[in-house]
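Everything on this sheet refers to the single structure shown next.
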Amino acid sequence: MNTREEAVALDSADPLAALRDEFALPTAAIYLDGNSLGVAPAAAAQRAQTVIAAEWGEGLIRSWNSAGWFALPRRLGNKLAPLIGANENEVVVTDTISVNLFKLLSAALRLQDSRDPKRRLIVSERSNFPTDLYIAQGLIEQLDRGYELRLIDDPSELPAALGDDTAVVMITHVNYRTGYMHDMPALTKLIHEKGALALWDLAHSAGAVPVDLNGANADYAVGCTYKYLNGGPGSPAFVWVAERHQNAFSQPLSGWWGHRAPFEMNPTYRPDDGVGRFLCGTQPMVSMALVECGLDVFLQTDMQAIRKKSLALTDLFIELVESRCKEFPLTLVTPREHAKRGSHASFEHPNGYEVMQALIARGVIGDYREPHVLRFGFTPLYTRYVDVWDAVETLRDVLANETWRAPEFATRGAVT
Ligand SMILES: *Cc1c(COP(=O)(O)O)cnc(C)c1O
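Taking the working numbering, I'd label the letters of the sequence shown as residues 767 to 1182.
Next comes the structure, spelled out in structure tokens:
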């Protein structure tokens, strides 16, 4: 592509273009960080007002029933299910990815222990998002039964890393830094052939790429709602468990919301049948209610249409950076192959942190990830082709004029 007009023409022909109006977009910014925190759905402010003023303000305690609060984790789970190839009653929206990983890893280790106690190994990737690894490390220490975490450095090492000692393989479907996407059906098959269980983290997949958990015959999955699903800052995560494992699950965080009859106030824990046993305690209703606003936008389209535009946006971004910024030291770290790419694109630059701060100061909001990575997320529901063009022109300007060298761009905030 050589002109801005060509990008405008792609937007005019875009079947998803109208969905942009479903979002309250920031003024005077090109937002390429929906892979980290999705933008607010236009309906969210009114929904928050209703929950706070009417459901909480007027309804008060009655709203657990009358406003459907108590049922919300299950109801939203059912609404989210089609986006990840899950069935009715297989998903609940609750807690955080970190907390849910603790529950699922515990369940997987318990299940394997009952089948084959020599399976003491959790396999994951060194490049995984750190909290996933930290939770595994904490659980291993807590169990104190000789479990071990083995990290591989490249997906090609996986077959050799799996043996008759492997209990569970915990993999993030789309890598948070590089955007590398694993082949979920093929890896799940391999993991099962080795007698292990497959736990998938869908943080950068749900709402970003088509996922078919049941089609892949996966065992467990987690994901969050505040990235591509636009649920809001800190909105609760989700848990999926294949139906065959649901009642084989023993939940270490055996709180009352996972009880079969929580209001019997029985002194003995008895887990609910099915996915309800993954709940623990009282959920943040104001935040959880807003998750629905994001999910409702997805009902107006489908993941195939979203994927098609996502690949077109990332292809265009890569093409433009490589053609219009070619004199600068930018190295693509995202796979070019469509089958291996999620919905963001990352480039390394020796001064990546400073370059990103300079871009943000110019209203192009991406983010920075260690080491040296400029990360740009593409969210087909609200990102336009012309945004891609304008973002690359701004990047070119920041690099050509070296505005990133200004001292204020070297200062690091608590969140990068
Ligand atoms: C964003 C992300 C998380 C975040 O975990 P929380 O517990 O919800 O803060 C975890 N894992 C991956 C792979 C992520 O991308």
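In this text, a Cβ means the ideal position worked out from N, Cα and C, and glycines have one as well.
- At the C-beta level, residue 937 and residue 891 come within 8 Å of one another.
- For residue 1163, the enclosing alpha helix (DSSP H) starts and ends at 1151-1166.
- In the displayed model, residue 1142 falls within a strand according to three-state DSSP.
- Between the segment 782-791 and the segment 799-814, the count of Cβ pairs shorter than 8 Å is three or higher; the stretches touch.
- Secondary structure of residue 879 (DSSP, three-state): helix.
- Following the DSSP letters along the chain, one finds residue 1035 in no beta strand (DSSP E), marked with neither H nor E.
- Annotation: residue 1160 to residue 899 spans about 36 Å, alpha carbon to alpha carbon.
- Each of 862, 863, 864, 865, 894, 895, 897, 898, 938, 942, 967, 969, 970, 990, 993, 1003 has a C-beta closer than 7 Å to some heavy atom of ligand 1; these make up the full list, in chain order.
- Here residue 809 is near residue 1059, since their CB atoms are less than 8 Å apart.
- Using a Cβ distance threshold of 8 Å, residue 850 and residue 972 count as a contacting pair.
- Leaving aside the five residues that flank residue 1128 on each side, the residues in its chain whose CB is nearer than 7 Å to its CB run, in chain order, 1160, 1164.
- Rounded to the nearest angstrom, the gap between the Cα atoms of residue 1108 and residue 839 is 27 Å.
- Under the three-state reduction of DSSP output, residue 1025 falls in the strand class.
- Within a 10 Å sphere around the beta-carbon of residue 1029 sit fewer than 16 other beta-carbons, which makes this residue exposed.
- Here the C-alpha atom of residue 1162 lies approximately 16 Å from the C-alpha atom of residue 1119.
- If you look at residue 897, you'll find it isn't in any beta strand (DSSP E); it sits in the alpha helix (DSSP H) that goes 896-909.
- In the structure shown, the three-state DSSP call for residue 1102 is coil.
- In summary, residue 1076 is buried, with 16 or more beta-carbon neighbours lying within 10 Å of its beta-carbon over all protein chains present.
- Closest option to residue 1065, judged by alpha-carbon separation, among 876, 848, 893: 848.
- Per DSSP, the continuous alpha helix (DSSP H) segment holding residue 1009 begins and ends at 1009-1012.
- Taken atom to atom, the span from the alpha-carbon of residue 1146 to that of residue 801 is near 11 Å.
- Going by DSSP, residue 858 is part of the beta strand (DSSP E) stretching over 857-859.
- Distance check between residue 882 and each of 925, 869, 914, 931 places 931 closest, using alpha-carbon atoms only.
- Inclusion of residue 858 and residue 1004 in the CB contact set at 8 Å is warranted, their separation being smaller than that value.
- Under DSSP, residue 938 shares a beta bridge with 967.
- For the set 872, 970, 1048, 939, the Cα lying nearest the Cα of residue 909 is the one of 872.
- Residue pairing by DSSP places residue 944 in no beta bridge whatsoever.
- DSSP places residue 893 in the coil class of the three-state scheme, outside both helix and strand.
- In the structure shown, residue 868 falls within a helical segment according to DSSP collapsed to helix, strand and coil.
- Just so you know, the alpha carbons of residue 912 and residue 933 end up roughly 12 Å apart.
- Distance from the CA of residue 784 to the CA of residue 1026, rounded to the nearest whole angstrom, comes to 44 Å.
- About 16 Å separates the beta carbons of residue 957 and residue 977, which is beyond the 8 Å limit, so they are not a contact pair.
- For the pair of segments examined, the segment 1134-1143 was found not to touch the segment 977-987: the number of CB pairs separated by less than 8 Å stays below three.
- If you ignore the 5 residues before and after residue 841, its C-beta comes within less than 8 Å of the C-beta of 834, all in its own chain and listed in chain order.
- Here the alpha carbons of residue 1169 and residue 1117 stand approximately 12 Å from one another.
- In the three-state reduction of the DSSP assignment, residue 1111 falls in the strand class.
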